[in-house]
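Working notes, structure below.
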């Protein structure tokens, strides 16, 4: 069973074995097919059947499909209610359905592809932009770290909420945001140190403490924190 | 004068570190040549600053540090190839979403073929009993498993030295034992900052810090005894 925050469900299905770049291209095409044309019940019905079939081919099962839909229920609900204010109900329903299908397709790619394979595919896809000075490996790294940061920030928010409740001061959005920001920035600092320690920083010279003496011969230094 | 040392020793010579106008390390001079080195002392005594000097995360305000003959202040990249660092909180040092991906991340840019990277990743995970968790989200691991994953991610680069900054502080008793056992069994030189005096006693030598000064160095039993006598 896939955990609540898992992004990849290990498997050996044909979809798991497809190259990440092929799946990303498929996602792009599939996303365009369900979102660009005018909302049409027949087209979306066929697309929905296709999505169900793909989940079955990926051996993820209908239960996983249901879990994905349940996971985005509030997003879809907000979109649906927002549109019902301005659009006829059937148009709002079709528009929300195609958004749901696009999300389910994206989830299918992440469920059947390791994050590192997705990042490698993105890095390869962006490679031509290197000639313009774009550091594609950095983009891939940032995407990977963003995926990893999601559960950490959720945990952080939960800790802040629990701490507020424990002190009987729950409900303050401002306090929540401030504490969450402080926690996130502290985490970012720690991650920066961890990246440096794992040799992933650019500089030959180390990060500097405020007040540290500039080492002789150092060409460029940056202040830390 | 710089103390005599073997070519792979850690030599710290008259090092002071100042931060926000406060001296957090005061004229520390030592040669670390033992296989397993414990660094102990009260909170704020300068232990973690000392550890961070060893792979260039912090540079001295004065004095010099040499790790295997290299200067972390000027040769940080080379030093970090030799020195892996294990932080207190594994949560912040696990960079990638899944267990195997995080270990493999350490080998990015190493130039190793994909098959060799996979072999090394599976090998190190297997050494620490995490091979069955390779495709699991790192977030789903227990605290002890996360710290072992962080250890694997450091060791997969085959460093000569591991510096660990209070690696068991956030762990329960069972996981503390598990991580401690893994650390003391390492073939690499280990420098471990710790409040766990049992772990300190299992090392070959111990350093005791107090208010930024190195006040004792030697047999762990004696240094731990002094710490307990004067600070506990």
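Chains as they are written, first to last, in this note's numbering: chain Y, 914 to 1138; chain R, 4 to 235.
For every residue, glycine included, the Cβ atom is placed at its ideal position computed from N, Cα and C.
In the three-state scheme derived from DSSP, where H, G and I count as helix and E and B as strand, residue 36 of chain R is classed as coil.
Here the alpha carbons of residue 144 of chain R and residue 1067 of chain Y stand approximately 16 Å from one another. Within chain R, no residue has its beta carbon less than 8 Å from that of residue 1038 of chain Y; the closest one is some 18 Å off. Not a single CB atom of chain R sits nearer than 8 Å to the CB of residue 1055 of chain Y.
Put simply, the CB of residue 32 of chain R is far from chain Y, with every gap to its CB atoms at 8 Å or more. At a cut-off of 8 Å, the C-beta of residue 1065 of chain Y has a neighbouring C-beta in chain R. Straight across, the Cα-Cα distance linking residue 934 of chain Y with residue 922 of chain Y is about 18 Å. With fewer than 16 other Cβ atoms from the protein chains shown falling within 10 Å of its own Cβ, residue 177 of chain R counts as exposed.
Setting aside the 5 residues that flank it on each side, residue 1070 of chain Y is surrounded in the same chain by 1093, each with a C-beta closer than 7 Å to its C-beta; the list follows chain order. Less than 8 Å separates the beta-carbon of residue 81 of chain R from that of residue 73 of chain R.
Taking C-beta separations shorter than 7 Å and ignoring five residues to either side along the sequence, the partners of residue 134 of chain R in its chain run 125 and 128, following chain order. Among the bridge pairs identified by DSSP, residue 84 of chain R is matched with none. Here residue 87 of chain R is actually not in contact with residue 174 of chain R; their C-beta atoms are around 19 Å apart, not less than 8 Å.
As a beta-bridge residue in DSSP terms, residue 212 of chain R pairs with R:44 and R:217. Taking the beta carbon of residue 1052 of chain Y as reference, no residue of chain R falls within 8 Å; the closest one sits roughly 14 Å away.
Taking a Cβ-Cβ cut-off of 7 Å, the neighbours of residue 923 of chain Y in chain R comprise 138, given in sequence order. For residue 98 of chain R, the nearest beta carbon of chain Y is closer than 8 Å to its own beta carbon. Residue 221 of chain R and residue 208 of chain R have their alpha carbons spaced roughly 5 Å apart. Distance check between residue 1109 of chain Y and each of R:40, R:61, R:225 and R:228 places R:61 closest, using alpha-carbon atoms only. Taking a Cβ-Cβ threshold of 9 Å, the residues of chain Y close to residue 107 of chain R are 1029, in chain order. In this structure, the beta-carbon distance from residue 1047 of chain Y to residue 1039 of chain Y falls below 8 Å. Using a 10 angstroms sphere on the CB of residue 117 of chain R, the tally of other CB atoms stays under 16, which defines it as exposed. The Cβ of residue 1061 of chain Y sits closer than 8 Å to at least one Cβ of chain R. Residue-level contact check: residue 929 of chain Y does not touch chain R, since none of the beta carbons of chain R fall below 8 Å from its beta carbon. By the rule that beta-carbons nearer than 8 Å mark a contact, residue 178 of chain R does not touch chain Y. Interface criterion met: the Cβ of residue 1103 of chain Y is under 8 Å from a Cβ in chain R. The beta carbon of residue 104 of chain R sits closer than 8 Å to some beta carbon of chain Y. Proximity of the segment 156-170 of chain R to the segment 95-107 of chain R meets the contact definition, three or more beta-carbon pairs being nearer than 8 Å.
Of the other Cβ atoms in all chains shown, 16 or more fall within 10 Å of the Cβ of residue 12 of chain R; this residue is therefore buried. Among the CB atoms of chain Y, one or more fall inside 8 Å of the CB of residue 101 of chain R. The C-alpha of residue 1050 of chain Y is placed about 16 Å away from the C-alpha of residue 1060 of chain Y.
According to the DSSP assignment, residue 225 of chain R belongs to no beta strand (DSSP E) but to the alpha helix (DSSP H) extending over 223-234.
Checking the DSSP bridge columns, you'll see residue 167 of chain R partnered with R:89 and R:195.
Not flagged as an interface residue toward chain Y: residue 123 of chain R, since no C-beta distance is shorter than 8 Å. Look at residue 212 of chain R: its C-beta is not under 8 Å from any C-beta on chain Y.
Beta-bridge pairing by DSSP links residue 21 of chain R to R:26.
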